Amino acid sequence: MDRKRLISLHGGHSGQYCNHAKDLLEDIIIRYIELGFTKVGITEHVPPVNDQFLYPEEIELNLTTADLHKKFKEYFKNLRHLKKKYAPKIKIFIGMETETHVGYVDHIKNLISTFQPDYIVGSVHHVDDICFDYSKKKYDKAASVCGSYDVMYEKYFDLQYAMIKSLKPFVVGHFDLIRIYDKSYKNRLLLPQIKQKIKRNLTLIKSLNLVMDFNLRPLARGEKEPYITPSILKIVKNMGIRIVPGDDSHGVDEAGLYVDKAIEILDTYEFDTQWPDPVLLT
Ligand SMILES: [Zn+2]
Ligand SMILES: [Zn+2]
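So for the sequence shown, the numbering used here puts the first residue at 13; every next one is plus one.
Below, the structure is given as structure tokens:
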């Protein structure tokens, strides 16, 4: 593996700023340098718009939205410091990962104008304001509120479409995350009404010249396929859409994990591995 090709544009969540991650941000960056990365994007989760959207572990720690805003401010301050400190060894892109719960457009745009990140990762973790990727229980709850798994998928891709349109994220995060706890996802993603929305979203991504996240978190969990699943990856390739690995790391031991494998897979599809530098488009 040519080490110059190693990159992740989605990840670097750290225990310092995210309560479901571990380790210090600086130690995560040092790990990327040890592995030979010359470029990395760090994309901490944005704070919620209000206390309704606190994660269970944040509620357990008695944290409020205000506390998380404060942490987020510290994240940018520290990451700017680390970006300078390690500039001779690694090019760090300062990013953030979005949410799409109610009121997110103004919320995210405010965060962008306040913190001026280098770029953003546009992700959807909620359907009908329920965080579906947190646990299988929450996933099933979201599906029952939607009426069925099929409808949940449709709503997910509609939310994603609206998010891409309004935020124009340089990187579109884990495109098919909605399949996270679904054993029948391969067939469900091929259902005509779902496939049509997938193609619509890909057409928008292509027209805005955005980049897709080849997200390796499923491999770290012991699953076989990264997000995006092969049936969609083939369409992405045929449409000439760009894609870049993202480890979605939440600690030192996950930093850079499986990026070599991701590049091997992308090579077999003959994707371009001259990675673009992320920029702010919003
Ligand atoms: Zn996370
Ligand atoms: Zn995510």
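Using N, Cα and C, we set each Cβ at its ideal position, and we do this for glycine too.
Model, not experiment: these values are computed from the prediction.
**OP:** Please go through the same chain and pick out, in chain order, the residues whose beta-carbon is closer than 6 Å to the beta-carbon of residue 262, but skip the five residues on each side of it.
**Re:** 25 and 33.
Subject >> For residue 144, the three-state DSSP class (helix, strand or coil) >> reply: Coil, per DSSP.
Subject >> Residue range of the beta strand (DSSP E) that includes residue 235 >> reply: Per DSSP, residue 235 belongs to no beta strand (DSSP E) and is neither H nor E.
Original post:
Straight-line CA distance for residue 63 to residue 76?
Top reply: So the alpha carbons of these two residues sit roughly 6 Å apart.
**OP:** Answer yes or no: do residue 29 and residue 87 have a C-beta to C-beta separation smaller than 9 Å?
**Re:** In this structure, residue 29 lies near residue 87, with their beta-carbon atoms less than 9 Å apart.
Original post:
Since residue 229 sits in a beta bridge, which residues does DSSP pair it with?
Top reply: Assignment of beta-bridge partners to residue 229 by DSSP yields no partner.
Original post:
Should residue 223 be labelled buried (16 or more other beta-carbon atoms within 10 Å of its own) or exposed?
Top reply: Result: buried.
**OP:** Could you check which residue in 253, 204 and 198 has the C-alpha nearest to that of residue 237?
**Re:** Just measuring C-alpha positions, the residue of 253, 204 and 198 sitting nearest residue 237 is 198.
Subject >> residue 108: first and last residue of the uninterrupted beta strand (DSSP E) it sits in >> reply: Per DSSP, residue 108 belongs to the beta strand (DSSP E) from 103-109.
**OP:** Return the CA-CA distance between residue 47 and residue 54, expressed in angstroms with no decimal places.
**Re:** Roughly 16 Å separates the two Cα atoms.
Subject >> Helix, strand or coil at residue 81 [DSSP, three-state] >> reply: Residue state, collapsed to three classes: helix.
Original post:
Does the Cβ of residue 56 lie closer than 8 Å to at least one heavy atom of ligand 2?
Top reply: For residue 56, the CB stays at least 8 Å from every heavy atom of ligand 2.
Original post:
Can residue 179 and residue 132 be called in contact, C-beta distance under 9 Å?
Top reply: In this structure, residue 132 lies closer than 9 Å to residue 179 by Cβ.
Original post:
Could you give the distance in angstroms between the alpha-carbon of residue 267 and the alpha-carbon of residue 155?
Top reply: Here the alpha carbons of residue 155 and residue 267 stand approximately 32 Å from one another.
Original post:
CB of residue 262 to nearest heavy atom of ligand 1: below 8 Å?
Top reply: Answer for residue 262: yes, Cβ within range of ligand 1.
Original post:
Taking the runs of the alpha helix (DSSP H) that are 4 residues or longer, which of them lie wholly in the region 17-58?
Top reply: Here the runs fully enclosed are 37-47.
Subject >> When 274, 205, 201 and 212 are compared against residue 231, the one with the closest alpha-carbon >> reply: With distances taken between Cα atoms, residue 231 lies closest to 274.
Original post:
Beta carbon of residue 277, beta carbon of residue 188: below 9 Å?
Top reply: The Cβ atoms of residue 277 and residue 188 do not sit closer than 9 Å to each other.
**OP:** Return the Cβ separation of residue 150 and residue 143 in integer angstroms, given the expectation that the two are a contact with Cβ distance under 8 Å.
**Re:** The C-beta separation of residue 150 from residue 143 comes to about 6 Å, placing the pair in contact by the 8 Å criterion.
**OP:** Considering only heavy atoms of ligand 2, list every residue whose Cβ is less than 6 Å from one of them, following chain order.
**Re:** Per the Cβ criterion, the list is 109, 135, 137, 185 and 186.
**OP:** On a CA-only basis, which of 257, 242, 169 and 31 is nearest residue 217? Give me that one, please.
**Re:** Closest option to residue 217, Cα to Cα, is 169.
**OP:** Could you please give the first and the last residue of the uninterrupted beta strand (DSSP E) stretch that includes residue 131?
**Re:** Membership of residue 131 in the beta strand (DSSP E) is indicated by the continuous run 131-134.
Subject >> Run of the beta strand (DSSP E) containing residue 257, from where it starts to where it stops >> reply: From DSSP, the beta strand (DSSP E) with residue 257 extends over 254-258.
Original post:
Counting pairs of Cβ atoms below 8 Å between the region 251-265 and the region 36-52, do you hit three or more?
Top reply: Segments in contact, yes.
Original post:
Does DSSP put residue 223 in a helix, a strand or coil?
Top reply: Residue 223: strand per DSSP, three-state reduction.
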